[in-house]
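Note that the protein sequences, when read in sequence, are chains R and H. Each residue of the first sequence is one higher than the last, beginning at 41 in the working numbering. Each residue of the second sequence is one higher than the last, beginning at 217 in the working numbering. Report on one structure; see the data block that follows.
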Amino acid sequence: MDLETLLSFHWGIMAPEFTIFITAVVLSLMDLFFSRHFNRRLFAWWALLGVAVAFIFCVTEIGSPVTTILGGTYRLDSFALAFKMLLLIGAGFVLLMSVDYDKKGEISYRGEFYYLFMTALLGAMMLTSSADMITLFVSLELLSLSSYILAGMRKNDPTSNEAAFKYVVNGGIATAVILFGISYVYGFTGTTNLYEVNEILNAGNANPLLFSDRYLIVFSFVLVFAGLAFKLATVPFHMWAPDVYEGAPTPVTAFLSVVSKTAGFAVLLRFFYVGFAQAAGLHTSSQSGPEIAFASLEPYFAVLAAMAMIIGNTAALKQKNIKRLFAYSSIAQAGYVLVPFVAFTSLTVGDIWFYLMAYLFMNLGAFAVIQVVSEKEGSADIQGFAGLYRRSPWIALAMAVFLVSLAGIPATAGFIGKFNIFLGALLSSHYWLASVMIGTTVISYFYYFGIMARMFLRPASHPEKMAFPLGAGIVVCLGIAGTLGFGIFPNAAIGFLHDYFQLGNFFPE
Amino acid sequence: MSDPYFLSILIFSPLVGMIVLAFMPKDVKAPLRTVGFLATLLPLILALIAFVRFNADMGELQFVTSVPWIEIGDPEVTNSSLYIYYALGVDGLSLLLILLTTIITALAAAASVKIQKEIKGYYLLFLLLEVGMLGVFASQNLLLFFVFFEMTLVPTYFLIAKWGYREREKAANMFLIYNGLGSAVMLIAFIVLFTQTGTMNIEKLQAIDFSRLPSTVPLAHSAFRYGLLFALIVAFAVKLPIFPLHSWMLRVHAEAPVPTVMIHSGILLKIGAYGLIRFCMGFFPEAFADFAYGLAILGLINLLYGAFIAFRQSDFKLVLAYSSVSHMGIVLLGLAALNTAGIQGAVFQVISHGMISAMLFFMVGVFYERTHTTELRNISGLAKSMPRTSGLLLAAGLASLGLPGMSGFISEFMAFLGLFERLPVLAAIGTLGIIVTAVYVLRAVMKITFGKTKEEHQSVADLRLVELLPAAVMIGVIILIGVYPAVLADSLHLAIDSVLVGIGG
Numbered sequence: 041m042d043l044e045t046l047l048s049f050h051w052g053i054m055a056p057e058f059t060i061f062i063t064a065v066v067l068s069l070m071d072l073f074f075s076r077h078f079n080r081r082l083f084a085w086w087a088l089l090g091v092a093v094a095f096i097f098c099v100t101e102i103g104s105p106v107t108t109i110l111g112g113t114y115r116l117d118s119f120a121l122a123f124k125m126l127l128l129i130g131a132g133f134v135l136l137m138s139v140d141y142d143k144k145g146e147i148s149y150r151g152e153f154y155y156l157f158m159t160a161l162l163g164a165m166m167l168t169s170s171a172d173m174i175t176l177f178v179s180l181e182l183l184s185l186s187s188y189i190l191a192g193m194r195k196n197d198p199t200s201n202e203a204a205f206k207y208v209v210n211g212g213i214a215t216a217v218i219l220f221g222i223s224y225v226y227g228f229t230g231t232t233n234l235y236e237v238n239e240i241l242n243a244g245n246a247n248p249l250l251f252s253d254r255y256l257i258v259f260s261f262v263l264v265f266a267g268l269a270f271k272l273a274t275v276p277f278h279m280w281a282p283d284v285y286e287g288a289p290t291p292v293t294a295f296l297s298v299v300s301k302t303a304g305f306a307v308l309l310r311f312f313y314v315g316f317a318q319a320a321g322l323h324t325s326s327q328s329g330p331e332i333a334f335a336s337l338e339p340y341f342a343v344l345a346a347m348a349m350i351i352g353n354t355a356a357l358k359q360k361n362i363k364r365l366f367a368y369s370s371i372a373q374a375g376y377v378l379v380p381f382v383a384f385t386s387l388t389v390g391d392i393w394f395y396l397m398a399y400l401f402m403n404l405g406a407f408a409v410i411q412v413v414s415e416k417e418g419s420a421d422i423q424g425f426a427g428l429y430r431r432s433p434w435i436a437l438a439m440a441v442f443l444v445s446l447a448g449i450p451a452t453a454g455f456i457g458k459f460n461i462f463l464g465a466l467l468s469s470h471y472w473l474a475s476v477m478i479g480t481t482v483i484s485y486f487y488y489f490g491i492m493a494r495m496f497l498r499p500a501s502h503p504e505k506m507a508f509p510l511g512a513g514i515v516v517c518l519g520i521a522g523t524l525g526f527g528i529f530p531n532a533a534i535g536f537l538h539d540y541f542q543l544g545n546f547f548p549e
Numbered sequence: 217m218s219d220p221y222f223l224s225i226l227i228f229s230p231l232v233g234m235i236v237l238a239f240m241p242k243d244v245k246a247p248l249r250t251v252g253f254l255a256t257l258l259p260l261i262l263a264l265i266a267f268v269r270f271n272a273d274m275g276e277l278q279f280v281t282s283v284p285w286i287e288i289g290d291p292e293v294t295n296s297s298l299y300i301y302y303a304l305g306v307d308g309l310s311l312l313l314i315l316l317t318t319i320i321t322a323l324a325a326a327a328s329v330k331i332q333k334e335i336k337g338y339y340l341l342f343l344l345l346e347v348g349m350l351g352v353f354a355s356q357n358l359l360l361f362f363v364f365f366e367m368t369l370v371p372t373y374f375l376i377a378k379w380g381y382r383e384r385e386k387a388a389n390m391f392l393i394y395n396g397l398g399s400a401v402m403l404i405a406f407i408v409l410f411t412q413t414g415t416m417n418i419e420k421l422q423a424i425d426f427s428r429l430p431s432t433v434p435l436a437h438s439a440f441r442y443g444l445l446f447a448l449i450v451a452f453a454v455k456l457p458i459f460p461l462h463s464w465m466l467r468v469h470a471e472a473p474v475p476t477v478m479i480h481s482g483i484l485l486k487i488g489a490y491g492l493i494r495f496c497m498g499f500f501p502e503a504f505a506d507f508a509y510g511l512a513i514l515g516l517i518n519l520l521y522g523a524f525i526a527f528r529q530s531d532f533k534l535v536l537a538y539s540s541v542s543h544m545g546i547v548l549l550g551l552a553a554l555n556t557a558g559i560q561g562a563v564f565q566v567i568s569h570g571m572i573s574a575m576l577f578f579m580v581g582v583f584y585e586r587t588h589t590t591e592l593r594n595i596s597g598l599a600k601s602m603p604r605t606s607g608l609l610l611a612a613g614l615a616s617l618g619l620p621g622m623s624g625f626i627s628e629f630m631a632f633l634g635l636f637e638r639l640p641v642l643a644a645i646g647t648l649g650i651i652v653t654a655v656y657v658l659r660a661v662m663k664i665t666f667g668k669t670k671e672e673h674q675s676v677a678d679l680r681l682v683e684l685l686p687a688a689v690m691i692g693v694i695i696l697i698g699v700y701p702a703v704l705a706d707s708l709h710l711a712i713d714s715v716l717v718g719i720g721g
């Protein structure tokens with residue numbers, strides 16, 4: 041590749057990523073050269089500025105045609121853009137939360153936190169645009185490696201160290217599994233580009249060599265799914281979540297539960313719906329030839345989704361630590377989002393996007409409250425929420441809205457999201473999966489309402505009022521606005537998505 | 217009657233009170249109570265206006281609103297997109313239930329003067345609950361119905377869990393789980409209907425003859441319809457409640473604060489009956505007719521089981537709770553009759569029992585405030601110290617057992633009239649229930665009012681004016697319906713006719 045071709049690429053489509061990258065570099069240089077006494081808490085605002093600029097670049101890209109650069113490895117389409125916007129909003133929320141985190145100053149390397157956060161975000165954003173397995177893998181590793189360090193940010197705290205260690209080990213295994221799967225795909229198709237993989241596998245139905253090995257191809261995709269399950273924090277790679285969520289600093293937990301998960305879903309969709317869509321399945325019927333591979337795997341994915349919902353929601357019942365509880369809750373939520381993935385209707389991508397958006401507002405709002413309460417109490421014990429209503433009624437009310445939305449009760453965005461998912465599942469006749477989803481949703485009422493019962497019904501251990509810091513306060517307000525606004529006027533988001541994005545254009549022509 | 221905003225204003229009018237309350241300080245008890253009560257008058261007035269302006273001779277829905285609300289499906293991908301509408305409208309049945317809701321809510325707000333703690337939060341939740349209830353009866357779209365239905369869930373949970381009696385949290389959790397499961401089943405049924413017909417509009421769904429759908433649609437097969445109808449019946453059976461899904465409701469009646477129980481037994485249970493009529497009968501008339509015998513049996517079980525157990529209870533609140541189970545059996549019997557008299561009886565029973573049970577629980581509140589117990593063996597002979605209260609209790613009790621001249625008589629008479637025409641044997645067994653009802657009601661009322669007055673209750677005060685007014689209003693309405701049932705029948709007959717057209721009766 042000479043300089044001329046390099047320059048001929050339409051680099052403009054990477055403007056948001058470049059912005060984040062430059063922000064990360066500038067922040068690391070600032071951290072290096074600024075005096076030790078400089079308050080590195082202020083980095084949050086710089087990082088936020090970078091996120092805002094990247095977001096503006098994303099907005100200007102709305103409506104632009106599908107563009108690929110670097111030989112088709114990097115692809116900007118409506119799908120990528122829609123998910124990038126979610127990632128940026130989520131990252132902005134987490135940064136706002138982090139301004140007030142750690143009042144006591146336990147984190148001695150605060151600057152590091154911000155630029156590692158930026159690189160993690162960069163990895164997440166590139167994941168949504170990866171059309172090539174190499175790009176995909178590199179972005180995934182960028183996200184993962186940054187997250188490992190972030191999880192261990194509280195260096196002197198044993199739980200934080202334990203979290204980071206478990207995260208690394210589990211993540212390493214997951215990475216190996218993904219790589220193993222990818223190597224099979226490459227071996228069969230001779231390409232790493234997902235869109236080319238699609239074409240070759242499609243033509244491969246006529247190719248006896250590929251056809252006879254279709255079991256292995258299907259197997260390779262199972263491996264990739266298993267590895268990605270780690271990023272999604274869903275069955276079978278979900279066991280890291282409770283420990284890591286508990287030990288990691290709260291803003292990092294929030295990042296893992298929302299931003300990292302959203303990126304995971306984006307890559308899952310692209311990998312399977314593009315790379316895998318045309319592969320031959322295991323069963324062949326005499327009339328219509330082989331079924332598509334997705335159809336052969338669908339029952340297994342359905343079982344995994346159901347298990348995520350069941351394990352997440354039942355294990356959450358017994359939790360005494362609010363962050364652990366939210367870890368299980370987020371496993372369950374990932375299970376809900378897998379339902380439309382399994383159902384695979386024309387609504388799937390839109391439904392997943394909407395649910396993740398709703399999840400972003402409600403879960404980050406809840407984490408902002410959790411962060412403030414657990415910092416104030418000095419522990420993340422669920423008991424810290426007792427009597428919150430007496431101490432600061434507005435915060436308790438806000439938390440109640442987030443919890444109600446997570447439980448999927450109407451007039452909130454969470455309900456609309458669940459309704460959409462449900463509709464898609466029933467449209468494609470996935471009756472038992474829909475039943476599991478709604479049954480576990482009712483189980484989840486127990487623990488979500490349990491927190492509410494603590495906040496409103498129990499006496500407070502001490503009457504001290506709780507002041508809410510600026511950053512977390514903004515997150516809570518925006519979270520409420522999003523949760524209620526999109527719950528009552530869902531078309532504000534759905535219509536926006538339909539009018540400005542052509543989500544279908546991430547499928548190969 | 218083409219005012220498109222009227223119903224929306226009516227439904228959301230309690231929000232005015234909520235906003236005012238939100239800006240009031242927490243610790244001014246009397247003004248909070250006043251505002252909380254006044255806030256319930258606004259929807260009441262609007263509902264009365266609606267009742268006056270309602271044209272009872274017009275067969276179609278009135279005060280209709282329909283605005284696109286949620287878009288389903290990306291037009292780019294699916295070529296067509298469906299809309300779910302924010303659709304409101306009332307027929308005679310809905311309107312009467314809305315009126316009932318506003319009346320009972322206002323009375324319950326008046327009864328809330330006894331609430332002592334966290335008055336502000338109490339009235340906020342109370343008014344939110346009213347929005348939900350009004351919305352349930354005015355919705356013309358299944359999803360909207362569901363949204364309002366669930367909106368009643370959260371405030372009720374907190375009203376029980378925070379302001380209830382000793383075992384309140386247990387009762388609230390039980391309420392939540394039973395109703396959560398019930399509404400989950402309902403949501404599945406609603407969405408299945410939507411996926412197969414492409415509409416959630418209640419009127420349109422009632423007009424579709426599912427058996428004429430192309431046979432590729434599962435709904436065209438009768439087995440599928442039976443399944444769906446069964447799901448809907450289960451969903452509303454939890455709410456009504458129908459035996460054996462009733463245990464949560466007993467706990468709620470025993471543990472919830474009195475005004476909440478008034479609303480709960482007066483209105484929330486009635487949503488179950490409303491759902492049975494509107495959705496089960498309205499959507500699946502033929503399948504419902506096939507289920508009618510089974511429902512009649514269940515109704516009979518409700519009626520007799522509730523009555524016999526009520527006879528054995530020692531707590532007055534539980535007597536009334538089982539009495540509600542028993543009276544809801546009559547609703548089922550009336551519906552199972554599948555004829556005008558029966559259905560009219562069922563609807564009358566819904567409204568009449570709403571008033572009667574609200575009144576009885578109101579009296580419970582009055583007694584409890586003075587004696588601090590509802591155990592029958594701990595209270596007796598109150599007629600001496602509280603003559604007016606005792607008189608009103610007796611009146612409410614007589615209405616409950618179906619004394620002619622009161623609303624209970626009309627509804628039970630019509631329900632049984634209808635049932636005798638269709639299932640005479642079951643009806644004959646059912647009349648046994650009426651006798652037992654008389655026995656347990658009178659037993660409880662006698663126990664409270666007559667006998668030896670306990671020493672500590674010698675000098676309890678009789679009804680105050682603030683208590684007398686609501687009680688008088690309730691007994692007035694009960695007698696009005698009893699002697700002049702046309703107040704209800706006039707606005708109802710077209711709604712009932714339209715239900716019957718589907719059944720072919």
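Cβ coordinates follow ideal geometry from the N, Cα and C atoms, glycine included. Computed from a prediction, not measured in an experiment: that's the story for all the values here.
Query: Please identify the residue among R/544, R/547, R/539 and R/548 whose C-alpha is closest to the C-alpha of residue 287 of chain H.; Result: R/539
Query: Against residue 482 of chain R, what residues of chain H qualify as contacts under a CB-to-CB distance less than 8 Å, listed in chain order?; Result: 393, 396, 397 and 400
Query: Which stretch, first to last residue, makes up the beta strand (DSSP E) that contains residue 306 of chain H?; Result: 298-306
Query: Just the chain R side, please: which residues come within less than 7 Å of residue 377 of chain H by C-beta, in chain order?; Result: 493 and 497
Query: Any idea if residue 283 of chain R is buried or exposed, counting beta-carbon neighbours within 10 angstroms, 16 or more meaning buried?; Result: buried
Query: Count Cβ pairs between the segment 188-196 of chain R and the segment 226-234 of chain R that sit closer than 8 Å; are there 3 or more?; Result: no
Query: Just confirm the distance between the C-beta atoms of residue 179 of chain R and residue 167 of chain R, as a whole number of angstroms; I'd bet it's less than 8 Å.; Result: 4 Å
Query: Below 8 Å on C-beta distance, what does residue 485 of chain R contact in chain H?; Result: 392, 393 and 396
Query: Can you grab the Cα-Cα spacing for the pair residue 225 of chain H / residue 683 of chain H, in whole Å?; Result: 30 Å
Query: How would you list, in chain order, the residues of chain R whose beta-carbon sits under 8 Å from the beta-carbon of residue 411 of chain H?; Result: 463, 466 and 467
Query: So if DSSP puts residue 421 of chain R in a beta bridge, which residue, or which two residues, is it bridged to?; Result: R/361
Query: Could you list which residues in chain R have their beta carbon closer than 9 Å to that of residue 385 of chain H, in chain order?; Result: 493 and 497
Query: Helix, strand or coil for residue 721 of chain H, going by three-state DSSP, please let me know.; Result: Confidence is the limiting factor: at residue 721 of chain H the pLDDT is only 48, short of 50, which leaves the residue's position unreliable, though a coordinate-based value still follows. Residue state, collapsed to three classes: coil.
Query: Alpha carbon to alpha carbon, how far is residue 415 of chain R from residue 142 of chain R?; Result: 7 Å
Query: Going by the beta-carbon positions, is the gap between residue 267 of chain R and residue 171 of chain R smaller than 8 Å?; Result: no
Query: For residue 227 of chain H, would you say it is in contact with chain R, using Cβ-to-Cβ distances shorter than 8 Å as the test?; Result: no
Query: At which residues does the beta strand (DSSP E) containing residue 115 of chain R begin and terminate?; Result: 114-116
Query: Short check: CB of residue 631 of chain H to CB of residue 546 of chain H, under 8 Å?; Result: yes
Query: Given the structure, does residue 552 of chain H come close to the ligand ATP, in the sense that its CB is under 7 Å from one of the ligand's heavy atoms?; Result: Absence of the ligand ATP is noted for the structure shown, with no ligands found whatsoever.
Query: Any contact of the segment 602-612 of chain H with the segment 553-561 of chain H, i.e. 3+ C-beta pairs under 8 Å?; Result: no
Query: Which word fits residue 239 of chain H, buried or exposed, when buried means at least 16 other C-beta atoms lie within 10 angstroms of its C-beta?; Result: exposed
Query: With a cut-off of 8 Å on the beta carbons, I'd call residue 513 of chain H and residue 320 of chain H a contact; round off their distance for me.; Result: That belief does not hold up - the Cβ atoms of residue 513 of chain H and residue 320 of chain H are roughly 31 Å apart, past 8 Å.
Query: Between residue 367 of chain H and chain R, is there a C-beta pair that is closer than 8 Å?; Result: yes
Query: Taking residue 503 of chain H as the reference, which of H/531, H/568 and H/427 has the closest Cα?; Result: H/427
Query: Using a Cβ-Cβ cut-off of 8 Å, state whether residue 436 of chain R counts as contacting chain A.; Result: Absence of chain A from the displayed structure is noted, the protein chains being R and H.
Query: Does chain H have any CB closer than 8 Å to the CB of residue 475 of chain R?; Result: yes
Query: Indicate the three-state DSSP secondary structure (helix, strand or coil) for residue 79 of chain R in the structure shown.; Result: coil
Query: Quick check on this structure: which residue in R/262, R/419 and R/209 has the alpha carbon closest to the alpha carbon of residue 340 of chain R?; Result: R/262
Query: Using a cut-off of 7 Å between C-beta atoms, extract the partners of residue 407 of chain H located in chain R.; Result: 462, 463 and 466
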